Amino acid sequence: MNTSNAEFFEALALLEKEKGIPRSLLAKKIATAIDNAIRRDMGASEDSVVDIDPDTGRFYVAMRKTVVEEVLDPAQEILPEEAAKYDSAATLGDTVEIPLDTKQFGRIAAQTAKHVIRQGIREVERGQLFDEYSSRQHDIVSATVLRTDPKKGNITLEIGRSEAILPKSEQVPGESFPDNAHIKVYVVDVVNGEKGPRIMISRTHPGLVKRLFEREVPEIFDGTIEVKAISREAGSRTKIAVWSNDENVDPVGACIGPKGQRVSAIVEELGGEKIDVVKYSSDPAQFIAAALSPADVLSVEVDPEGARSCRVTVPDNQLSLAIGNKGQNARLAARLTGWKIDIKPESGFYGEE
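Right, here's the structure in full:
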């Protein structure tokens with residue numbers, strides 16, 4: 001093997017070590033590029049030979065030509081006396097292999113190889129990035145604020161080795177972050193686009209709250225307590241319904257924590273967003289009553305037609321609490337349970353005699 005070939009394979013080995021790109025993959029891509037280059041620039045036939053093997057250090061490129069009496073196409077045909085230099089037994093009609101010196105691939109093949117290596121590195125890096133991101137899908141990642149677009153309000157974040165955009169629509173109303181601030185974002189999805197993997201992130205997604213509870217509450221992490229549903233109006237209020245698989249563990253108490261420590265750590269992380277932890281029940285009436293907390297509920301009448309709607313009666317002095325500011329409490333309870341909820345005071349509907 002000549003020195004330039006040795007250097008070539010050393011370079012491949014180095015790339016494999018530094019970038020994690022398999023040598024065999026790069027060799028294959030470069031072989032294809034050289035094959036295309038000799039066909040394009042030297043008019044070689046379709047069945048030219050390009051053999052690059054990093055394991056054996058073989059770097060062999062040859063053009064195949066047919067032995068003819070009269071050469072019409074010098075790129076693909078050869079006279080018997082010329083052919084004899086490569087294969088002494090070659091006769092008319094035979095195909096001979098003419099090895100090409102590496103220098104003969106010319107500048108173009110070298111450039112193509114460079115391009116292929118660059119492209120190969122990009123592809124592999126994208127693949128690695130996609131795998132890395134995909135493993136974090138539906139999880140919380142820590143990010144550093146790089147800059148905020150003063151016009152659109154989008155925030156550019158640094159996550160690991162790359163950048164991601166937190167759109168204004170996925171930011172909690174009223175939140176702003178100085179450059180270099182460390183924030184937590186939720187990975188909603190990972191999409192493989194033309195320019196490489198794109199990571200869709202959010203701070204308003206209910207999944208962010210769910211993951212924060214998993215981090216704070218060991219009983220959720222180990223499966224003793226299940227998060228059954230979440231409804232959220234980011235920056236303002238979240239309702240989370242929890243259920244315990246162990247009758248000795250109180251799901252609401254475990255999530256709130258001793259002296260409210262667990263839930264207050266999450267509230268702090270969310271910039272003061274209020275959190276109602278409610279007990280899930282497979283009985284719709286019980287679940288709906290719990291979902292309307294902090295209001296007390298006197299009764300829940302479920303629509304017998306099975307339209308998932310109900311009428312809830314609350315004490316007169318609890319009516320505004322049950323409905324909530326601008327209807328938020330009732331709205332979040334309806335979303336949490338999946339039921340349409342009509343709320344009326346004990347003394348009858350408004351305006352009713």
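Residue numbers for the sequence shown follow UniProt numbering, beginning at 1 and rising by one.
For every residue, glycine included, the Cβ atom is placed at its ideal position computed from N, Cα and C.
Predicted model, so just to flag it, every value in this text is computed and none were measured.
Give the DSSP-derived three-state secondary structure of D283 in the structure shown.
Here DSSP, grouped into helix, strand and coil, assigns D283 to coil.
Using DSSP with H/G/I as helix, E/B as strand and the rest coil, what is V190?
The answer is strand: DSSP assigns V190 an E or B state.
Rounded to whole angstroms, what's the CA-CA distance from D189 to M200? Just pull it up for me.
Between D189 and M200, the C-alpha separation is close to 5 Å.
Mark A181 as exposed unless 16 or more other C-beta atoms lie within 10 angstroms of its C-beta, in which case mark it buried.
Counting every other CB atom within 10 Å of its CB across the protein chains shown gives A181 a total below 16, marking it as exposed.
Write down every uninterrupted run of the beta strand (DSSP E) in the segment 19 to 65 whose length is 3 residues or greater and which is fully enclosed by it, in chain order.
Taking only runs of at least 3 residues, the beta strand (DSSP E) segments lying wholly in the segment 19 to 65 are 49 to 53.
Identify whether H138 lies in helix, strand or coil by the three-state DSSP scheme.
Coil, per DSSP.
Which residues does DSSP pair with C310 in a beta bridge?
V302, I341.
Whole-angstrom distance between T337 and residue 354, CA atom to CA atom
Since the first residue of the chain shown is 1 and the last is 353, residue 354 is not available in this structure.
For V170, the three-state DSSP class (helix, strand or coil):
The sequence shown places Glu at residue 170, rather than the Val named in the question. It is helical.
Going by DSSP in three states, H205 sits in which element: helix, strand or coil?
DSSP places H205 in coil when its eight states are reduced to three.
Cβ contact check for the segment 116 to 135 and the segment 165 to 177: 3 or more pairs under 8 Å
Taking a contact to require three or more Cβ pairs closer than 8 Å, the segment 116 to 135 and the segment 165 to 177 do not qualify as touching.
Could you give the DSSP three-state label for V145: helix, strand or coil?
Assignment of V145 by DSSP, reduced to helix, strand and coil, places it in the strand class.
Can you say whether P251 is buried or exposed, counting buried as having 16 or more other CB atoms within 10 angstroms of its CB?
Residue environment analysis places P251 among the buried positions, since at least 16 neighbouring C-beta atoms fall within 10 angstroms of its C-beta.
Beta-bridge pairing of R237 - partner residues as DSSP gives them
DSSP lists E233, K274 as partners of R237.
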